[in-house]
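Novice: Following this message is one structure expressed as structure tokens.
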Amino acid sequence: MGKRNWKGGKGSKPKRQRAGSLLEPGQYGIYASCNRGREMKAAKELKVILNDMLGEFYSEEPNHELTEDEDDEDEVEDAIRKEVAALQKQNKANSGQQLITEIPISAESLLFFHMKQPIVPSEFTPNICQLLYSSKVKNSRFVQRLTPIDKSCNATMDEFTRMATPVLKENVKPGMSYSVNLTRRNFTNIDRDDFMEEVAKILPESELHYKGADKMIHVYCFKNNIGISVTDYTTFEKLCKFNLQQIFDKSNDLLETAAKENEHSKHIKDSNSKETAGADEVAAPTEINGDEAKEISKEDSDEQDLTTQEDKDSAVQNLITPQGISMCFS
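In UniProt numbering, the protein residues as written are 1 to 330.
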């Protein structure tokens, strides 16, 4: 019997699918990679993390403080101020949801969260990762690497040059070295080498270092959009390239433990290999060259000749005895 294809009855719910949208030039925020097939769950996780961190780094508390010299007439103003402050706090909580908005981009293992001022993604992202590293708490299961985007443009080289020049000039000073974290997803408009050449033209007084650079330039290309930002290279490497899963492992020494276990397993494997090789060496037959083989063959031949001669002498001796003589003449 063949397999049955169940399509569901009238009461079955259709599978939810995320409608995709194109990113507009000028939008900025954070790209986030995630486990394949877990985009919706990862989006919920990251939304909670970003909104929690928003209150940590972009909180605005009212600065007004009442003095003891205020008259009783100001008590009414005091009550009004408190009420206004409460309303502002409530509005801020509601607007916080608008400062960070997910834009479904219909891509496997990839999310994008659009942000508004006063958020600066290249500052916000390292702060998030540093706080998660210090807390040693696992805040996500599906979100992986974050990539900040401060500016974006259409996917042409002219637009990229126009956008990247002020960003790079401001962050990468003459004499500083830089490295490039270039990612392309569903993007074939511009080759990787062309990007590298253009960055080198914009920064003629800076050198490209693949390791140990001063600044890390993030360039993310997705469909019709190119985004860019600049962060500190040392911070980027220290915080596991902004990978939330690796940050948790590193903060709890899990990466070092895994490395030690791998080294121990490798040592045991090498020891077993050496023991096996030693046993094979003992069991291996001794090689004999041509001269030794001839000598051994000659010795065997001499022993055989000697045995034959002894048999002959014994036979002659038997003939010499009286019994042997009588046997010969009988």
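Backbone N, C-alpha and C fix where the C-beta goes; we use that ideal spot for every residue, glycine too. On a predicted model such as this, the values are computed, not experimentally measured, just so you know.
Using the Cα positions of L203 and F113, report the straight-line distance between them to the nearest angstrom.
Specialist: Position 203 of the sequence shown holds residue 203. Position 113 of the sequence shown holds residue 113. Near 29 angstroms, if we compare the C-alpha coordinates of F113 and L203.
Novice: Quick one: complete alpha helix (DSSP H) runs, 4+ long, within the segment 152 to 202?
Specialist: DSSP runs (the alpha helix (DSSP H)) wholly in the segment 152 to 202: 157 to 171, 192 to 202.
Novice: For G96 and L54, I'd like the C-alpha separation in whole angstroms.
Specialist: Counting from 1 along the sequence shown, the entry for residue 96 is found at position 96. Counting from 1 along the sequence shown, the entry for residue 54 is found at position 54. Summary for G96: the model assigns pLDDT 48, below 50, so the residue's position carries little reliability; its value from the coordinates is reported in the next sentence. Each residue's Cα considered, the two are about 8 angstroms apart.
Novice: State the Cα-Cα distance for the pair E237 and D194, rounded to the nearest angstrom.
Specialist: Counted from its first residue, the sequence shown places residue 237 at position 237. Counted from its first residue, the sequence shown places residue 194 at position 194. So the alpha carbons of these two residues sit roughly 25 angstroms apart.
Novice: With a threshold of 16 other CB atoms inside 10 Å of the CB of Y210, please say whether the residue is buried or exposed.
Specialist: Here the question's residue 210 lines up with position 210 in the sequence shown. Per the 10 Å Cβ criterion, exposed.
Novice: Inspect the beta-carbon positions of L146 and I30 and report whether they are closer than 9 angstroms.
Specialist: Mapped onto the sequence shown, residue 146 falls at position 146. Mapped onto the sequence shown, residue 30 falls at position 30. Yes. Within cutoff.
Novice: Cutting at 8 angstroms between CB atoms, please list the residues of its own chain near S140, excluding the five before and the five after it.
Specialist: In the sequence shown, counting from the first residue as 1, residue 140 sits at position 140. Excluding residues within five positions, the ones whose Cβ falls inside 8 angstroms are A42, E45, L46, I49, L244, Q245.
Novice: Looking at V120 and D78, is the spacing between their C-beta atoms short of 9 angstroms?
Specialist: Within the sequence shown, the letter at position 78 stands for residue 78. Within the sequence shown, the letter at position 120 stands for residue 120. No, they are not a contact pair.
Novice: Using alpha carbons as the reference points, say which of K223, C129, M176 lies closest to T187.
Specialist: Taking the first residue of the sequence shown as 1, we reach residue 187 at position 187. Before going further, note that residue 187 is Phe rather than Thr in the sequence given. Measuring from the Cα of F187, the nearest candidate turns out to be K223.
Novice: N225 and residue 342 - do their beta-carbons sit closer together than 9 angstroms?
Specialist: This structure gives no information on residue 342, because the portion of the chain shown stretches from 1 to 330.
Novice: For S122, count neighbouring C-beta atoms within 10 Å of its own C-beta (all shown protein chains included) and say buried if the count is 16 or more, exposed if not.
Specialist: Counted from its first residue, the sequence shown places residue 122 at position 122. Classification for S122: buried.
Novice: On the DSSP bridge list, what partners appear for N225?
Specialist: Your numbering for residue 225 matches position 225 in the sequence shown. The partner list for N225 (beta bridge, DSSP) reads N154, F222.
Novice: A32 bridges to which residues according to DSSP?
Specialist: For the purposes of this step, residue 32 is identified with residue 32 of the sequence shown, where counting begins at 1. For A32, which the question treats as bridged, DSSP gives the partners L111, L146.
Novice: May I ask you to report which of helix, strand or coil DSSP gives N252?
Specialist: In the sequence shown, the residue the question calls residue 252 occupies position 252. In the structure shown, N252 sits in coil (DSSP, three-state: anything other than H, G, I, E or B).
Novice: Using CA atoms only, rank isn't needed, just tell me which of T125, F142, Y133 is closest to M40.
Specialist: As a position in the sequence shown, residue 40 is number 40, starting the count at 1. Considering only alpha carbons, the answer is F142.
Novice: Given this structure, state the Cα-to-Cα distance separating I100 from Q27, to the nearest angstrom.
Specialist: Reading the sequence shown from its first residue, position 100 is the one you call residue 100. Reading the sequence shown from its first residue, position 27 is the one you call residue 27. If I take the Cα positions, the gap works out to 12 angstroms.
Novice: Could you tell me the alpha carbon to alpha carbon distance between F124 and S206, rounded to whole angstroms?
Specialist: Taking the first residue of the sequence shown as 1, we reach residue 124 at position 124. Taking the first residue of the sequence shown as 1, we reach residue 206 at position 206. When rounded, the distance between both Cα atoms is 26 angstroms.
Novice: When the Cα atoms are used, what is the spatial distance from N252 to D158?
Specialist: Looking up residue 252 in the sequence shown gives position 252. Looking up residue 158 in the sequence shown gives position 158. Cα-Cα distance, rounded: 45 angstroms.
Novice: What is the rounded straight-line gap between the Cα of R162 and the Cα of P25?
Specialist: For the purposes of this step, residue 162 is identified with residue 162 of the sequence shown, where counting begins at 1. For the purposes of this step, residue 25 is identified with residue 25 of the sequence shown, where counting begins at 1. Using only the alpha carbons, I get a separation of about 13 angstroms.
Novice: Where does I105 fall in DSSP's three states?
Specialist: Counting from one through the sequence shown, the residue named residue 105 turns up at place 105. Coil at I105, not helix or strand.
Novice: Taking a contact to mean a Cβ-Cβ separation below 9 angstroms, would you say F248 touches K138 in this structure?
Specialist: Here the question's residue 248 lines up with position 248 in the sequence shown. Here the question's residue 138 lines up with position 138 in the sequence shown. Yes, these two residues count as a Cβ contact at 9 angstroms.
Novice: With a threshold of 8 angstroms on Cβ separation, who are the neighbours of E65 within its own chain once the five nearest residues in sequence on each side are excluded?
Specialist: Indexing the sequence shown from 1 puts residue 65 at position 65. With a pLDDT of only 46 at E65, under the threshold of 50, the placement of this residue in the model should not be trusted; the figure read from the coordinates follows. Nothing meets the Cβ criterion.
Novice: Take S229 as the anchor and find which of D52, R184, N171, T235 has the nearest alpha-carbon.
Specialist: Counting from 1 along the sequence shown, the entry for residue 229 is found at position 229. S229 has its Cα closest to that of N171, out of D52, R184, N171, T235.
Novice: Should K215 go down as buried or exposed, given a rule of 16 or more other Cβ atoms within 10 Å for buried?
Specialist: Numbered from 1 along the sequence shown, position 215 holds the residue referred to as residue 215. Buried, because 16 or more other Cβ atoms sit within 10 Å of the Cβ of K215.
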